[in-house]
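Asker: First residue of the sequence shown? That's 71 in the working numbering, and the numbers climb one at a time after it. Every residue, glycine too, gets a C-beta built ideally from N, C-alpha and C.
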Amino acid sequence: MRIGSDAGGTFTDLVDDRGEVVKVLSTPRQPADAVRRGVEALEGHVEALAHGTTVATNALLERRGATVALVTTEGFADVIEIARQHRPSLYDPWVDRPDPLVTRAHRCEVAGRLDHDGHELVPVGVPPALADDVEAVAVCLLHADVDPRHEQAVATALRAAGHDVSASHEVAPEFREYERTVTTVLNAYLRPACSAYLRTLAPLADTVTVMTSAGGLVSVEEAATTPALLLLSGPAGGARAAAAVARANGFATALSFDMGGTSTDVCLILDGHPTPAAQREVAGLPVRLPSLDVHTIGAGGGSIARIDPGGALVVGPASAGADPGPACYGRGGRAPTVTDANLVAGRIPAEAEFPGLGRLDRAAAVDALESLGAGSAEAAAVGVLAVVDASMERALRTVSVARGVDPREGALVAFGGAGPLHACALADALGVSTVLVPARAGVLSAVGILAGPRQHDLVRSWPDLSDLAGIDAALDRLAVEAAASLGGAGADVVVERLVDCRYAGQSHELSVPEVDAFAAEHERRNGYARPGAPVEVVALRATARLPAPLDVADLPEPDRPHGVGPVALVEPDTTVWLPEGWRTEAGEAGALRLVRSGPRGGGGSP
């Protein structure tokens, strides 16, 4: 038996290669406990467990990582705090940057200097003794992305002294000192807790792999060594599965819309695949590692509604989570949430029962919503749903319209426990004519993790920015190295090659398959190109993939209800709200196609 598991903030979802689904409440204090219970419920020998986790993300958001020391080149100890010139919020004079993950007392400098080509100017020195309370060490020396010899010497000395060391040339070998330093520090910050957790999963299966932010599976050991790879672990699996469902139903362009209990994750799908990103920002910190371009907001079924000091209704980002959960779960929660609003508004039928929860407590939901002072629970529910829909619409526009893509040209792929409840309203607002609700929509991230490829990503800085000669040969060597990491360049291993390009004088790059493709991509993303302007290459990338033994479409197709709105279609792992003017059709790969049968109910301008 092969199992995919996704440990979220509210539920831990599991699905096996027979199509069996288990959904259990998460155990935030001991996340592995929920995974273990889910595996036991599926009853069988587990050959392979593919896992997605929020442990790294939660540890960063809640600042529950290790005490880290930073060892860096003389004169660069404060790079992590100086950061970049731009401000987090341009018009807010009171906003603060996130505090660095390393205190000033734990930042150490070491002698030695390389120039930008990797030539030695000053020999490397001996690292200083570190404080007794240091639990992990990040080593980031100037220009180690071009030549790592100084950094290797320092890391070797620190490891010999018994320290847990993350070195930048092993974690994020790319230029830009601030981003490389923060990413390396973040890896050291997460490693003690994440490695302990991930290694507790090893006994659950013959082979355990973990989904990375880039949408590929790596071994438990690699994930434990580089936990900074895991910050979008679960959402990446969902985006991959959504892309597979969109392709099966004839949509090369789509929007992935995953609304769970704590957050909503959205991603643009182009040419049948989720769009990638070379760098993401998480909790206000740059993470310079390969990732799918998933945009996350604090809007989920458990998001708490409140009245702010100005009298406005606000939903999220605080969540009721799994314990106690929304008021309607009957587990002691009293705060009004989005799930309570959906129940009181009739989108979730009062008589519906859900695994592990039974019948929801509508009376408790009414009491919670009445605390908002809107006159009635029903009026409060309407307001809560309108506010959370507006937040999710903005997120969907951020990954589509803001990037030069008209969402009306594709489909909205809605999944997660709460996604199909809001999908038609969002499609109306965006002018999207088709919503796809995949089979097993409530556990689709686990499905995507189960069907995820083994993957290895490599990146190398290209120091001779304007010298384009030799790039093809360097890419070939990088591709061979990436393929070798997955067992060689066999027929099953697919290698994707990319170059990071920019116009001379720019400070941002775009990843394209070849330099000649840069101008067209720049025009699509930015609205203009500069014919004849010199192009620089700053980095080379190679991604090797070994496909999983099964595809999303290989799982058995479940029987699914059909109807014309308004109606709620209740499934074991999710509920689909079909408003007036919408109807369902049978789609490919077991998906429900929701299509309009009447006038549009919302906006629709791009």
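Identify, in the order they occur along the chain, each residue of the same chain with its Cβ nearer than 8 Å to the Cβ of Asp459, setting aside the five sequence neighbours on each side.
Answerer: Taking the sequence shown and counting its residues from 1, the one referred to as residue 459 is at position 389. Cβ neighbours of Asp459 beyond the five flanking positions: His492, Ala495, Leu496, Ala499.
Asker: Whose CA, out of Ala433, Gly285, Cys398, lies closest to the CA of Ser361?
Answerer: As a first step, residue 361 is located in the sequence shown; it is residue number 291 there, counting from the start. For the residues Ala433, Gly285, Cys398, the minimum Cα distance to Ser361 belongs to Gly285.
Asker: The beta strand (DSSP E) with Pro356 in it runs from where to where?
Answerer: Position 286 of the sequence shown, counting from 1, holds the residue named residue 356. From DSSP, the beta strand (DSSP E) with Pro356 extends over 355-357.
Asker: Determine the burial state of Trp164: buried for a count of at least 16 other Cβ atoms within 10 Å of its Cβ, exposed for fewer.
Answerer: By one-based count along the sequence shown, residue 164 stands at place 94. Answer is exposed; the Cβ neighbour count stays below 16.
Asker: How many whole angstroms separate the CB atoms of His239 and Ala214, which I take to be in contact at a CB cut-off of 8 Å?
Answerer: On the sequence shown, residue 239 is found 169 positions in, with the first residue counted as 1. On the sequence shown, residue 214 is found 144 positions in, with the first residue counted as 1. About 5 Å; that satisfies the 8 Å criterion.
Asker: Heavy atom of the ligand MN less than 6 Å from the Cβ of Leu171, yes or no?
Answerer: With respect to small molecules bound, the structure shown includes none, and the ligand MN cannot be examined in it.
Asker: Are the Cβ atoms of Gly400 and Ser389 separated by less than 7 Å?
Answerer: Locating residue 400 in the sequence shown gives position 330, where the first residue counts as 1. Locating residue 389 in the sequence shown gives position 319, where the first residue counts as 1. No, Cβ-Cβ distance for Gly400 and Ser389 is not below 7 Å.
Asker: Below 8 Å on the Cβ atoms is my contact criterion, and I expect Val385 with Ala465 to pass it. Report the Cβ-Cβ distance as a whole number of Å.
Answerer: As a first step, residue 385 is located in the sequence shown; it is residue number 315 there, counting from the start. As a first step, residue 465 is located in the sequence shown; it is residue number 395 there, counting from the start. Incorrect: roughly 13 Å between the Cβ atoms, too far for contact.
Asker: Under the assumption that Ser471 contacts Trp532 (Cβ atoms under 8 Å), give the Cβ distance between them as a whole number of angstroms.
Answerer: Counting from 1 along the sequence shown, the entry for residue 471 is found at position 401. Counting from 1 along the sequence shown, the entry for residue 532 is found at position 462. In the sequence under discussion, the amino acid at residue 471 is Val, which differs from the Ser named in the question. No, Val471 and Trp532 are not in contact; Cβ-Cβ is about 32 Å, not under 8 Å.
Asker: Between which two residues does the alpha helix (DSSP H) carrying Val255 extend?
Answerer: The residue given as residue 255 occupies position 185 in the sequence shown. Val255 -> alpha helix (DSSP H) spans 247-269.
Asker: From Glu641 to Ser441, what does the alpha carbon distance come to, in whole angstroms?
Answerer: Indexing the sequence shown from 1 puts residue 641 at position 571. Indexing the sequence shown from 1 puts residue 441 at position 371. Between Glu641 and Ser441, the C-alpha separation is close to 30 Å.
Asker: Over the uninterrupted beta strand (DSSP E) stretch that includes Cys494, give me the two end residues.
Answerer: One-based indexing of the sequence shown puts residue 494 at position 424. Where Cys494 is concerned, there is no enclosing beta strand (DSSP E), although the alpha helix (DSSP H) it sits in stretches over 489-500.
Asker: Helix, strand or coil: how does DSSP classify Ala434 here?
Answerer: Here residue 434 refers to the residue found at position 364 of the sequence shown. In this structure, Ala434 counts as helix in the three-state DSSP scheme.
Asker: Per DSSP, what kind of secondary structure is Phe344 in: helix, strand or coil?
Answerer: To locate residue 344, count along the sequence shown from 1; it is residue 274. Inspection of the sequence shows that residue 344 is occupied by Pro rather than by Phe. Note: Pro344 maps to strand in three-state DSSP.
Asker: What is the DSSP secondary structure of His220, reduced to helix, strand or coil?
Answerer: Position 150 of the sequence shown holds residue 220. Helix, per DSSP.
Asker: Is there contact here, the region 264-273 with the region 507-517, by at least three beta-carbon pairs under 8 Å?
Answerer: Flag = no, the region 264-273 and the region 507-517 do not touch.
Asker: What are the uninterrupted segments assigned as beta strand (DSSP E) that are 3 or more residues long and contained completely in the region 122-146, given in chain order?
Answerer: Runs found: 138-143.
Asker: Take Pro387 and list the residues in its own chain whose beta-carbon comes closer than 6 Å to its own, dropping the five residues that flank it on each side.
Answerer: Position 317 of the sequence shown, counted from the first residue, corresponds to residue 387. So the list reads Gly368, once near-sequence residues are dropped.
Asker: Between the Cα of Val352 and those of Thr345, Thr366, Asp341, spot the shortest distance and give me the residue it belongs to.
Answerer: Taking the sequence shown and counting its residues from 1, one reaches residue 352 at position 282. Val352 has its Cα closest to that of Thr366, out of Thr345, Thr366, Asp341.
Asker: With a floor of 4 residues, list each alpha helix (DSSP H) that falls wholly inside the region 577-615, ordered by position along the chain.
Answerer: Runs of the alpha helix (DSSP H) inside the region 577-615: 588-596.
Asker: Under 8 Å, with one C-beta from each stretch per pair, do the region 320-336 and the region 295-312 reach the 3-pair mark?
Answerer: Taking 8 Å as the limit for Cβ pairs, the verdict is that the region 295-312 does touch the region 320-336.
Asker: DSSP three-state call for His176: helix, strand or coil?
Answerer: By 1-based counting over the sequence shown, the position of residue 176 is 106. Looking at His176 - three-state DSSP - the assignment turns out to be helix.
Asker: Val290 and Thr282 - do their beta-carbons sit closer together than 7 Å?
Answerer: Numbered from its first residue, the sequence shown carries residue 282 at position 212. Numbered from its first residue, the sequence shown carries residue 290 at position 220. Not closer than 7 Å, so no.
Asker: Considering only DSSP beta bridges, list what Ser239 is partnered with.
Answerer: Locating residue 239 in the sequence shown gives position 169, where the first residue counts as 1. The question names Ser, but residue 239 in the sequence shown is His. His239 is not bridged to any residue.
Asker: Cα-Cα, which of Arg133, Leu95, Asp83 is closest to Gly395?
Answerer: Position 325 of the sequence shown, counted from the start, is the residue given in the question as residue 395. The candidate whose alpha carbon is nearest that of Gly395 is Leu95.
Asker: Is there contact between the region 96-110 and the region 517-532, where contact requires at least three CB pairs shorter than 8 Å?
Answerer: No, because fewer than three Cβ pairs between the region 96-110 and the region 517-532 fall closer than 8 Å, the two stretches do not touch.
Asker: Determine the DSSP secondary structure at Pro168, reduced to helix, strand or coil.
Answerer: Here the question's residue 168 lines up with position 98 in the sequence shown. DSSP places Pro168 in coil when its eight states are reduced to three.
Asker: From this set, Pro98, Thr654, Gly74, which residue's C-alpha is nearest Glu90's C-alpha?
Answerer: Position 20 of the sequence shown, counted from the first residue, corresponds to residue 90. Taking only the C-alpha atoms, the option nearest Glu90 is Gly74.
Asker: Have a look at Glu658 and Val315 and give me their C-alpha separation to the nearest angstrom.
Answerer: Locating residue 658 in the sequence shown gives position 588, counting from the first residue. Locating residue 315 in the sequence shown gives position 245, counting from the first residue. Cα to Cα, the separation comes out at about 8 Å.
Asker: Can at least three beta-carbon pairs, one atom from the region 648-658 and one from the region 630-639, be found at a separation below 8 Å?
Answerer: Contact between the region 648-658 and the region 630-639 is present, because at least three Cβ pairs lie under 8 Å.
Asker: Which word fits His156, buried or exposed, when buried means at least 16 other C-beta atoms lie within 10 angstroms of its C-beta?
Answerer: Numbered from 1 along the sequence shown, position 86 holds the residue referred to as residue 156. Result: exposed.
Asker: Tell me the DSSP secondary structure of Leu662 in three-state form.
Answerer: For the purposes of this step, residue 662 is identified with residue 592 of the sequence shown, where counting begins at 1. Strand at Leu662.
Asker: Hey, is the region 542-553 in contact with the region 113-126, meaning 3+ C-beta pairs nearer than 8 Å?
Answerer: With the cut-off at 8 Å, the region 542-553 and the region 113-126 do not touch.
Asker: When you compare each of Arg88, Pro583, Glu249 to Val565 by their alpha carbons, which one comes out closest?
Answerer: The residue you call residue 565 lines up with position 495 of the sequence shown. Closest by alpha carbon: Pro583.
Asker: Identify every run of the beta strand (DSSP E) within the region 362-441, keeping only runs that are complete inside it and at least 3 residues long; order them along the chain.
Answerer: List check, beta strand (DSSP E) in window: 365-367, 373-377, 383-389.
Asker: Return the CA-CA distance between His343 and Ala208, expressed in angstroms with no decimal places.
Answerer: Position 273 of the sequence shown, counted from the start, is the residue given in the question as residue 343. Position 138 of the sequence shown, counted from the start, is the residue given in the question as residue 208. Roughly 34 Å separates the two Cα atoms.
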